[in-house]
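*Asks:*
Numbering (the numbering used here), first residue to last: 1 to 157.
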């Protein structure tokens, strides 16, 4: 049973104000996966969660060879170049962009959803989404189409 004022399945109170959902997705041409999400009472908390997830995905996709204590020494080596279509670099750039963060907040406080997609040359993509509202009770069947739409609307590299 869900307590009044609590979002179903989260234990988080939605309170008297609006709720905000932040989600991360990943996929390729034929697959889309919801990586995770959170429900907050504040657009700033939704942004903070997305920023942390963007950094976490970037570190997982392109670990720093000097800081990766989880693998044997010498197993990772710097490639010496990064390019605009590199998803980890784009995720980190987004996480550090004050302008993008202001855009997220503008969208949320005016009741609009915000999307960002970082895509690699090989067709893999990683999406960040924030929107006002509450999460669905389960992963909706139309989510794969939404994720493909996210990839199709990715910014040009």
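Glycine is no exception: its CB is placed at the ideal position from the N, C-alpha and C atoms. Remember, it's a predicted structure, so these values are computed and weren't measured experimentally.
So for residue 37, helix, strand or coil by DSSP?
*Replies:* Correct three-state label for residue 37: strand.
*Asks:* Indicate whether the contact test is met: 3 or more Cβ pairs, each with one atom in the segment 33-40 and one in the segment 98-108, closer than 8 Å.
*Replies:* At 8 Å Cβ cutoff, the stretches do not touch.
*Asks:* Identify the residues that DSSP records as bridge partners of residue 89: which are they?
*Replies:* In the DSSP output, where bridge partners are listed per residue, residue 89 has none listed.
*Asks:* Less than 7 Å between the C-beta atoms of residue 130 and residue 50, yes or no?
*Replies:* Their beta carbons are under 7 Å apart, which means residue 130 touches residue 50 by this criterion.
*Asks:* Give every residue of the same chain whose Cβ lies closer than 6 Å to the Cβ of residue 86, excluding the five residues on either side of it in the sequence, and list them in chain order.
*Replies:* Cβ neighbours of residue 86 beyond the five flanking positions: none.
*Asks:* Give the straight-line distance between the Cα atoms of residue 26 and residue 122, rounded to the nearest whole angstrom.
*Replies:* Answer to the nearest angstrom: the Cα atoms are 13 Å apart.
*Asks:* Among 93, 88, 126, which one has its Cα closest to the Cα of residue 62?
*Replies:* Considering only alpha carbons, the answer is 88.
*Asks:* Taking DSSP as the reference, what is the three-state secondary structure of residue 24?
*Replies:* DSSP places residue 24 in strand when its eight states are reduced to three.
*Asks:* Classify residue 113: buried if its beta carbon has 16 or more other beta carbons within 10 angstroms, exposed otherwise.
*Replies:* Exposed, since its Cβ has fewer than 16 Cβ neighbours within 10 Å.
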